[in-house]
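Undergrad:
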Amino acid sequence: MSDHSDQERAIDGLLLALATQATERNDRQFSQAALGQIVEQGRATVRLLLGSIGHLVHYDSTGEDNAYTWLADLFEQLIAALRSARGETDGLLSGDVVDVVVDRPDLHLKTGTVMRVYWVGDDGTVDVGYETLVEDYVISTVRIADIRRRTPE
4 MSDHSDQERA IDGLLLALAT QATERNDRQF SQAALGQIVE QGRATVRLLL
54 GSIGHLVHYD STGEDNAYTW LADLFEQLIA ALRSARGETD GLLSGDVVDV
104 VVDRPDLHLK TGTVMRVYWV GDDGTVDVGY ETLVEDYVIS TVRIADIRRR
154 TPE
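Following this note's numbering, the residues of the sequence shown are numbered contiguously, the last one being 156.
Given below as structure tokens:
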């Protein structure tokens with residue numbers, strides 16, 4: 004494949020094939036071993052997969068297709084696996100809900116924006132996205148100092 008969009012289409016196709024298989028088998032649960040393999044691939048791979056899943060789910064936000072519902076489930080399973088496998092770093096875990104406390108150059112990252120932590124880096128940064136994939140699927144990297152963890156209500 005010579006082009007980045009060819010790679011994205013290949014990843015999307017593989018994800019949809021997995022989702023279709025899961026739907027046909029009526030089994031939406033990924034094995035812990037499979038989730039562990041994904042988590043072990045590291046930040047860039049996890050970010051790419053979460054972004055690809057988010058993109059597919061976001062643009063089928065009607066929820067009418069079981070394959071897309073399964074993809075949303077896979078997204079949540081990945082976040083849970085990251086939360087479990089990576090542990091807490093700088094008081095944050097994957098899946099935590101945070102507020103942006105400093106305006107960033109990205110238009111969607113304004114003070115008060117509520118985001119969800121996807122990956123906590125060991126470099127003082129986190130990858131964050133919107134709370135729901137229907138809202139948006141954009142993933143941004145911000146400094147830990149630019150967010151504040153929300154306390155459960």
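Note that the Cβ used here is the ideal one computed from N, Cα and C, for glycine as well.
1) With a threshold of 7 angstroms on Cβ separation, who are the neighbours of R152 within its own chain once the five nearest residues in sequence on each side are excluded?
2) Please list, in chain order, all residues of the same chain as Q40 whose beta carbon is under 8 angstroms from its beta carbon, the five residues on each side excluded.
3) What's the call for L74, buried or exposed, on a 16-neighbour Cβ count within 10 Å?
4) If you check the beta carbons only, do V145 and R107 fall under 8 angstroms apart?
5) For L18 and V103, I'd like the C-alpha separation in whole angstroms.
6) What's the gap between the Cα of A36 and the Cα of R46?
7) Closest to T26 by C-alpha separation, out of A70, G115, V60, A148, would be which residue?
8) Given G127, which residues of its chain have a CB within under 8 angstroms of its CB, disregarding the five upstream and five downstream residues?
9) Just list the residues that DSSP pairs S143 with in beta bridges.
10) For a test of the three-state rule: what should DSSP assign to V105, helix, strand or coil?
11) Work out the CA separation of S143 and G124 for me, nearest whole Å.
12) For the candidate residues S8, R28, Q44, whose alpha-carbon lies nearest to that of L81?
13) Going along the chain, which residues of its own chain have a beta-carbon closer than 7 angstroms to the beta-carbon of L38, five neighbours each way excluded?
14) Quick check on DSSP: helix, strand or coil for T48?
15) Using a threshold of 8 angstroms, state whether the C-beta atoms of Y121 and L77 are closer than that.
TA: For this structure:
1) Within the sequence shown, residue 152 is the residue found at index 149, counting from 1. So the qualifying residues of the chain are G94, L95, D99, V101.
2) Counting from one through the sequence shown, the residue named residue 40 turns up at place 37. Contacts found: none.
3) Counting from one through the sequence shown, the residue named residue 74 turns up at place 71. Buried, since its Cβ has 16 or more Cβ neighbours within 10 Å.
4) Here the question's residue 145 lines up with position 142 in the sequence shown. Here the question's residue 107 lines up with position 104 in the sequence shown. Yes, these two residues count as a Cβ contact at 8 angstroms.
5) As a position in the sequence shown, residue 18 is number 15, starting the count at 1. As a position in the sequence shown, residue 103 is number 100, starting the count at 1. Using only the alpha carbons, I get a separation of about 31 angstroms.
6) The residue you call residue 36 lines up with position 33 of the sequence shown. The residue you call residue 46 lines up with position 43 of the sequence shown. Between A36 and R46, the C-alpha separation is close to 18 angstroms.
7) Position 23 of the sequence shown, counted from the start, is the residue given in the question as residue 26. Ranking the options by Cα distance to T26, first place goes to A70.
8) Position 124 of the sequence shown holds residue 127. D93, R146, I147, A148, listed in sequence order.
9) Stepping through the sequence shown from its first residue, residue 143 is reached at position 140. Per DSSP, V131.
10) One-based indexing of the sequence shown puts residue 105 at position 102. V105 falls in the coil class under three-state DSSP.
11) Stepping through the sequence shown from its first residue, residue 124 is reached at position 121. Stepping through the sequence shown from its first residue, residue 143 is reached at position 140. In a straight line, the C-alpha of G124 is about 13 angstroms away from that of S143.
12) Position 78 of the sequence shown holds residue 81. Nearest C-alpha to L81: Q44.
13) As a first step, residue 38 must be located in the sequence shown, where it is residue number 35. Hits under 7 angstroms: Q80, L81, A84.
14) Looking up residue 48 in the sequence shown gives position 45. Here T48 sits in helix by DSSP.
15) As a position in the sequence shown, residue 121 is number 118, starting the count at 1. As a position in the sequence shown, residue 77 is number 74, starting the count at 1. No, they are not a contact pair.
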